[in-house]
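**Q** Here you go, one structure.
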Amino acid sequence: MANPPTIRKGAFRRYLVNFDPSSLPTDRCDVLVVGGGAAGLRSAIEAANLGANVIVLAKNEVSDCNTYLAQGGIATVMDDKDSVESHIRDTLSAGIGICDESAVSFVVTEARSRIEELISWGAPFDRTNSHLALTKEGGHSVSRILHIGGDSTGRGLHETLQRVAKSNPNIRIVERAFAIDLVSSASMRIVGVLVLDEEEKPRLILAGATILATGGAGAIYRETTNPASSTGDGVMMAFRAGAIVRDIEFVQFHPTTLYIAGASRLLVSEAVRGEGAYLVNAGGERFMHRYHDAAELAPRDVVSLAIVKELARTKATSVFLDLRHKDPDEMLARFPGIASAVSRFGLDLARDLIPVRPSAHYVIGGVKVNQSARTNLRGLLACGECSSTGLHGANRLGSNSLIEALVYGEVAGRNAVADSKHDDAREPPQGLPLGAQKVAGFDYEDMRRSLQTLLWRQVGITRNARDLGEAKKSLHFWSRYLLEGGFERRGELSLQNQLQFAILLANAADMRQESRGVHTRMDFEKRDDENWLGHFEISVTGGYVFHKLDDTNEGTR
Ligand code: SIN
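What follows is the structure, given as C-alpha cells:
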C-alpha cells in the first residue's frame, strides 16, 4: 500500500465550536443515549430497567430515523426448518471474508431472545395461522425474515419500543436536540455531550456513560433511501474525540429504490423479490440469472452492480420490478405501504412495472466496538448503524441490521450502567479555545447538494482511481474553508460532519485497491485476499492503519 494520507489536524480539530463548560446550562444523568432509533431505545430501556436515570436525545422527532422506515424485516432463526448455523453461514458468505466471526455468532445466537422479548412487549409481528410469518431476502438460504404490517416492520418495531420507553419513569426523551460534540474530561474520559437545544441554544448534558446510537449517513449521497437527517454526525463526533472508525469505505446501495421524477427515493423492499418479484430491464427481459445463480435473490451488492451494468448496457434510467405473475390481491395485502406509495404516481404494484434503481442505503462502517459495545474511549459505547461490530463484513445481509441494533442495544444499555459507576465517571468536562474565524455569506444548502452529487458520481456504487482522485481534490479544497471556519447553526455544523465523513470515506475507498462486497473498483475488479483481507481502522492520532486478517477467515463465494 502506498503511504496512507495523513489526518489533517485543522480539518479534524477536537471540537466544532468554542464552549466554556462552567457557563453553560447543564443537565446530568447516569446514562445518556444519543439517538432514538431501535438501538438507542433498546439500550435506554435496558439501562433504565437496571435503575439508571436515562436521557435519550433525538435530533428531530424520535421517529425520524432509519428504523422507522425499515420495510422488509428482522432476520432471526425462529423456525425448526432453520438453524443458527445456517444464519451464521449466510451472514459470513455475504460478508466476503471480513466479518468478525464472534460478532456474527453472538448476534445470531442472541437474536431469538430479543424477538421473544419484543413479542412479550406486544410487537405485532405478522402471523399465518398463528405461526410467525417468515419471508426470504437476498443471500438468505431459508425464509427467516419476520415482518410487521406487511411492509412496515420498522414502524411497528419502533412504536413498540417507544411505548415501552415512554412508560418507563427513568427515561426522558428530548427531541430536536442536535448533539454537536462528545465532551471529554482532562483524562480524556467521555463525560457527556454538548448540544444545541430546540431553540438552538447550547447546553451540556453530563453523563456517567454515553451511548452513541446516531444511525447512518446515507443522506450524504444524492440518491438515498435514508431520511435527510442520516448524516453521520455521531461517527464524526466520536472520531474527533479519539474513537477508532472502521470499514468506512463500505457503503451499501439498496438495489431497488423507486425511481420516478418527483417521487422521494422510496425503498421498495427486498422482500418484494423475496415473495417472487422479477427484475426486468427496459426491454422487458429478466437479467439477474446472467449475473448470479440465485438471480433476483442474490446478495445485495451483486444485484446493485448487475443493475448498474444493465443500465449502462441498455442506456436506460431504471430497471423494473415485475409482480404481474403473482396473485394481485395477495401482493397488495402483503405490501400495503409500498402499494399505496406507488399508487400516488398512478402505478399499481401488482399490475404495473415499477421503475427502480439502486441508491445509498446503509453505512457498514462506523465506530469500532467490542462485544460489550464499548469503544476505545472510556465512558463511550456505541450500537446500531453508527457502530462497527464486525457483523456485516463487506456486505450486510438484508434484515440483519435491526436485529444487530436490538442485540447490541441491550448489551450497550447494560454495560453503560456498569461504566457509569466507575470512579472517573464524574470527572469535570474540559472546553478548548477554538480560535476559528466565523465564515460569512455561506450557502450551506448549495454546498450540501454539491457534496451529495460529488459522492454519488465519484465515490458511489462503482469507483475508480481517477474519480476518487478528483473527489479528494474537491473535498480538500472545500475543507480549507468549511472545516477550519467557525459555525453556529445546526445545518452548518452537520455539514462539517458530512464533509469530514466524506474525506475519510474517499481516502479509504481510494486506498482499497480491490473489489469486495459493496466496494466495487472498476480498475481493480477482483477480490484480492493477499493484500486486502482486512480492515482500515482510522483515528485522529493513529491515521489510517490497515489490519490484515489471516486468510482462514470464512466467507468465500
Ligand atoms: C428492505 O426491506 O429491503 C430493507 C431491509 C434491510 O435493509 O435490511
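Anchor point for the sequence shown: position 380 equals 744 in my numbering, and the numbering is continuous, going up by one each time. Backbone N, C-alpha and C fix where the C-beta goes; we use that ideal spot for every residue, glycine too.
#1: Short check: CB of N430 to CB of G606, under 7 Å?
#2: Under 6 Å Cβ to Cβ from N417, same chain only, skipping five residues before and after it: list those, please.
#3: For E634, is the beta carbon positioned less than 6 Å from some heavy atom of ligand 1?
#4: Let me confirm a value: S633 is counted as buried when at least 16 other C-beta atoms fall within 10 Å, else exposed. Which label applies?
#5: Please find out if some non-hydrogen atom of ligand 1 comes closer than 6 Å to the beta-carbon of S763.
#6: I think I569 touches G556, with their Cβ atoms under 8 Å apart; what is that distance to the nearest whole Å?
#7: Of the choices E480, E410, G404, whose alpha-carbon is the least far from that of D428?
#8: If you draw a straight line from the alpha carbon of Y642 to that of L560, how long is it in whole angstroms?
#9: Are there three or more Cβ pairs, one per stretch, closer than 8 Å when the segment 741-756 is compared with the segment 693-710?
#10: Give the list of continuous alpha helix (DSSP H) stretches no shorter than 4 residues that lie fully inside the segment 515-564.
#11: For R721, does the count of other Cβ atoms within 10 angstroms reach 16, so buried, or fall short, so exposed?
#12: Could you tell me the distance, in whole angstroms, from the CA atom of E918 to the CA atom of V882?
#13: What separation, rounded to the nearest whole angstrom, lies between the Cα atoms of R586 and A592?
#14: From V904 to T370, what does the alpha carbon distance come to, in whole angstroms?
#15: Alpha helix (DSSP H) containing P692: first to last residue?
#16: Just to check, is the beta-carbon of G757 closer than 6 Å to a non-hydrogen atom of ligand 1?
#17: DSSP beta-bridge partners for T473?
#18: In the DSSP assignment, find the beta strand (DSSP E) that holds K732 and state where it starts and stops.
#19: Less than 6 Å between C-beta atoms, sequence neighbours within five positions excluded: which residues of the same chain meet that for L433?
#20: Thinking C-alpha only, which one of R715, V672, R478 is nearest D691?
#21: Compute the Euclidean distance between the alpha carbons of A746 and D874, then round it to the nearest angstrom.
#22: Just to confirm, is the Cβ distance from V471 to H451 under 7 Å?
#23: Give a single yes or no on whether Q735 has its beta carbon closer than 6 Å to a heavy atom of ligand 1.
#24: State buried or exposed for S494, treating a residue as buried only when at least 16 other CB atoms are found within 10 Å of its CB.
#25: State the start and end residues of the unbroken alpha helix (DSSP H) segment that holds H618.
#26: Could you say if the segment 647-666 and the segment 758-772 meet the contact criterion of at least three C-beta pairs nearer than 8 Å?
#27: Quick one: residues in its chain with C-beta nearer than 6 Å to the C-beta of I479, no 5 flanking neighbours on either side, listed in chain order?
#28: Considering only residues of the same chain and omitting the five flanking positions on each side of R921, which have a CB-CB separation below 6 Å?
#29: Return helix, strand or coil for A873, following the three-state DSSP convention.
#30: Candidates L913, G773, V420: which alpha carbon is nearest V733's?
#31: How many angstroms separate the CA atom of R372 from the CA atom of I608?
#32: Is the Cβ of I608 closer than 7 Å to any Cβ of chain D?
#33: Compare the C-alpha of A870 against each of D545, L819, G849 and name the closest.
#34: Between the alpha carbons of L929 and T826, how many angstroms are there, rounded?
#35: Going by alpha carbons, who is nearest to K445 out of Q616, R508, I409, G374?
**A** The short version:
#1: Their beta carbons are not under 7 Å apart, which means N430 does not touch G606 by this criterion.
#2: Within the same chain, N417 has close Cβ partners C393, D394, N534.
#3: Taking the Cβ of E634 as the reference point, at least one heavy atom of ligand 1 falls within a distance shorter than 6 Å.
#4: Counting of Cβ neighbours within 10 angstroms places S633 among the buried residues, the total reaching 16 or more.
#5: For ligand 1, at least one heavy atom lies less than 6 Å from the Cβ of S763.
#6: With a Cβ gap of about 5 Å, I569 and G556 count as contacting.
#7: For the residues E480, E410, G404, the minimum Cα distance to D428 belongs to G404.
#8: Pairing Y642 with L560, the inter-Cα distance amounts to about 47 Å.
#9: Cβ pair count under 8 Å is below three, so no.
#10: If we require 4 residues or more, the alpha helix (DSSP H) runs fully inside the segment 515-564 come out as 517-530.
#11: Burial call: buried.
#12: Summary for E918: the model assigns pLDDT 48, below 50, so the residue's position carries little reliability; its value from the coordinates is reported in the next sentence. Distance between the alpha carbons of E918 and V882 is about 18 Å.
#13: Straight-line Cα distance between these residues: approximately 10 Å.
#14: The straight-line gap from Cα to Cα measures roughly 9 Å.
#15: Where P692 is concerned, the enclosing alpha helix (DSSP H) stretches over 692-698.
#16: No; taking the cut-off as 6 Å, the Cβ of G757 has no heavy atom of ligand 1 nearer than that.
#17: The partner list for T473 (beta bridge, DSSP) is empty, contrary to what the question assumes.
#18: The continuous beta strand (DSSP E) containing K732 extends over residues 730-732.
#19: The residues are G518.
#20: Here the closest residue by C-alpha is R715.
#21: A direct Cα-Cα distance of roughly 27 Å separates A746 from D874.
#22: In this structure, H451 does not lie closer than 7 Å to V471 by Cβ.
#23: No, the beta carbon of Q735 sits no closer than 6 Å to any heavy atom of ligand 1.
#24: S494 comes out exposed.
#25: From DSSP, H618 is part of no alpha helix (DSSP H) but of the beta strand (DSSP E) over 615-622.
#26: As far as the Cβ criterion goes, the segment 647-666 touches the segment 758-772, which means the pair count is three or higher.
#27: Once the five neighbours on either side are set aside, the close Cβ partners of I479 are T440.
#28: For R921, the predicted structure reports a pLDDT of 44, less than 50, and the residue's modelled location is therefore unreliable. A value from the coordinates is still provided. Same-chain partners within the cutoff: S457.
#29: In the structure shown, A873 sits in a helix (DSSP, three-state: H, G or I).
#30: In terms of Cα proximity to V733, the closest of L913, G773, V420 is G773.
#31: Near 16 Å, if we compare the C-alpha coordinates of I608 and R372.
#32: Given the protein chain composition of this structure (a single chain), no chain D is represented.
#33: The shortest C-alpha separation from A870 is found at L819.
#34: What is shown of the chain runs 365 to 921, which leaves residue 929 out entirely.
#35: Residue R508 holds the alpha-carbon nearest to the alpha-carbon of K445 among Q616, R508, I409, G374.
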